[in-house]
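Before any comments, here is the structure.
Numbering (this note's numbering), first residue to last: 28 to 417.
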């Protein structure tokens, strides 16, 4: 998992006490909901947003049995999160310090899976006896050189991932995403992938993160911006949501290893490798297919070149045919994705004769302030609020 660290972590744990004692209630409000037809009332504790230094925050809730923490542990108490914690345990340690300050039990590792029965006797989603992860973001920084961020993102936006999941390039050309709301209507509840220009992100949050801070903190943040701009940092982010984590058994803290995410973090590496060998000259497509051993003979290479020609000229291609998928697979190895509509404005990144952008995984400079586990958190003053909802 070269260069990856955790950028967001949502965790929940149920505490079933044999003595019948409940946990302290922690939240912003306690609601009493009354069904006007049946008269049945239910209680609900809303989430509490805890504010840390440098405009950082974590969402916490305890309803008496279940404890939840949502947020970005790598950002807690820090002016930035250009780099962060690389293990789930480090993130859990941050959350546990916060929970202790609130008088709540800490998150613990799971020892076994729990299989429950839901409504109508149907199986409920699998759970575990410890801390359960509901959402996790893995992030890393790529360097592409000063001024190359947008051309690089435009190049990525010519490529689909997975089963032809289309990319979406934002109008400002600072972000490209897959599985997002814009390209996939309501967005995926399964996973989400995006890349964006880190310098633009740092500039957007500069005022919020540095307001009322010391001169040294402001100078440090400015140094981060300058470092990001001169290095050409592109942020790569992978979000994995509850259905995905359940499917691959990556939800029970303590029952899996972080390295098991590796196979799911390689989709953009595959795109970068395809783009590195791309060459868009029509007259050389068939020869490239032969030279690289992608096609066994001239006839098959010419057939694939015909599909490329149809795509290049915007002609109709039957995407339901078996031949289409065979030719698509061959052309992908040349960095050409015929499942995406050709946009000539994005093509230069893919022309080796026009431009070659060197891309690599960024490591933190010596002067960068890496995250340090907080020893304690000042206990917040909680003023309970009650609201009756009918």
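Even for Gly, the Cβ is constructed at its ideal location relative to N, Cα and C.
Task: Environment of residue 59 [buried if 16+ CB atoms lie within 10 Å] - done: exposed
TODO: Would you tell me roughly how many angstroms separate the C-alpha atoms of residue 320 and residue 313, rounded to the nearest one?
DONE: 11 angstroms
Task: Entirely enclosed beta strand (DSSP E) segments - the region 61–121, minimum 3 residues - done: 68–72, 75–78, 84–89 and 93–98
TODO: State the DSSP-derived secondary structure class of residue 336, mapped to helix, strand or coil.
DONE: helix
- [ ] With DSSP as the reference, label residue 309 as helix, strand or coil.
- [x] Reliability of the predicted coordinates at residue 309 is poor, the pLDDT of 44 falling under 50, and the value obtained from them is presented with this limitation in mind. It is helical.
- [ ] Tell me where the alpha helix (DSSP H) around residue 352 begins and ends.
- [x] 349–359
TODO: Check the DSSP bridge columns for residue 387 and list the partner residues they point to.
DONE: 170
Task: Contacts around residue 309, its chain only, beta-carbon distance under 6 angstroms, and the 5 residues preceding and following it disregarded - done: Note that residue 309 has pLDDT 44, beneath the 50 cutoff, so the model's placement of it is unreliable and the number below is only indicative. Closer than 6 angstroms at the Cβ level, and outside the excluded window around residue 309, lies no residue.
TODO: Tell me where the beta strand (DSSP E) around residue 223 begins and ends.
DONE: 218–224
Task: Secondary structure of residue 188, DSSP reduced to three states - done: strand
Open item on the list: Taking the beta carbon of residue 61 as the centre, do at least 16 other beta carbons fall within 10 Å, making it buried, or is it exposed?
Closed with: exposed
- [ ] Pull up the DSSP beta-bridge partners for residue 266, would you.
- [x] 164 and 219
- [ ] Pull up the distance between the alpha-carbon of residue 125 and that of residue 151, whole angstroms please.
- [x] C-alpha separation (whole angstroms): 30 angstroms.
TODO: Report buried or exposed for residue 276, applying the criterion of at least 16 other Cβ atoms within 10 angstroms of its Cβ.
DONE: Answer is exposed; the Cβ neighbour count stays below 16.
TODO: With a threshold of 16 other CB atoms inside 10 Å of the CB of residue 164, please say whether the residue is buried or exposed.
DONE: buried
TODO: Please confirm whether any heavy atom of the ligand MG lies closer than 7 angstroms to the CB of residue 40.
DONE: No copy of the ligand MG appears in this structure; indeed no ligand is present at all.
Open item on the list: My output table needs one value for residue 376: the three-state DSSP class, helix, strand or coil.
Closed with: Reliability of the predicted coordinates at residue 376 is poor, the pLDDT of 41 falling under 50, and the value obtained from them is presented with this limitation in mind. Helix at residue 376.
TODO: Assign residue 315 to one of three DSSP states: helix, strand, or coil.
DONE: It is helical.
Open item on the list: Let me check understanding here. Comparing Cα to Cα, which of 221, 56, 247 and 103 lies closest to residue 229?
Closed with: 247
Task: Within 8 angstroms, strictly: CB atoms of residue 282 and residue 137 - done: Taking 8 angstroms as the cut-off, the Cβ atoms of residue 282 and residue 137 count as close.
- [ ] Can you tell me which of the three DSSP states residue 234 falls into?
- [x] helix
Task: Identity of the residue in 343, 76, 301 and 358 nearest residue 329 by Cα - done: 358
Open item on the list: Tell me which residues share the same chain as residue 258 and place their Cβ nearer than 6 angstroms to its Cβ, disregarding the 5 neighbours each side in the sequence.
Closed with: Only residues of its own chain outside the window of five on either side were considered, and among them 170 have a CB closer than 6 angstroms to the CB of residue 258, listed in chain order.
- [ ] Run the CB neighbour count on residue 262, radius 10 Å, all protein chains shown included, and call it buried at 16 or more, exposed below.
- [x] When all chains shown are included, residue 262 counts as buried.
Open item on the list: I need the straight-line Cα distance from residue 398 to residue 128, nearest angstrom please.
Closed with: 20 angstroms
Open item on the list: Let me check understanding here. Comparing Cα to Cα, which of 326, 318, 389 and 51 lies closest to residue 87?
Closed with: 51
Task: Segment limits, alpha helix (DSSP H) that includes residue 363 - done: The continuous stretches of alpha helix (DSSP H) do not include residue 363, and DSSP gives it neither H nor E.
Task: residue 36: first and last residue of the uninterrupted beta strand (DSSP E) it sits in - done: 32–41
Task: Distance between residue 360 and residue 345 (C-alpha atoms, nearest Å) - done: 20 angstroms
Task: Three-way DSSP call (helix, strand, coil) for residue 206 in this model - done: coil
TODO: Would you tell me roughly how many angstroms separate the C-alpha atoms of residue 113 and residue 231, rounded to the nearest one?
DONE: 25 angstroms
Open item on the list: Within the continuous alpha helix (DSSP H) that includes residue 179, where are the two ends?
Closed with: 176–183
Task: Boundaries of the alpha helix (DSSP H) in which residue 52 is found, first to last residue - done: Element bounds for residue 52: n/a, residue is neither H nor E.
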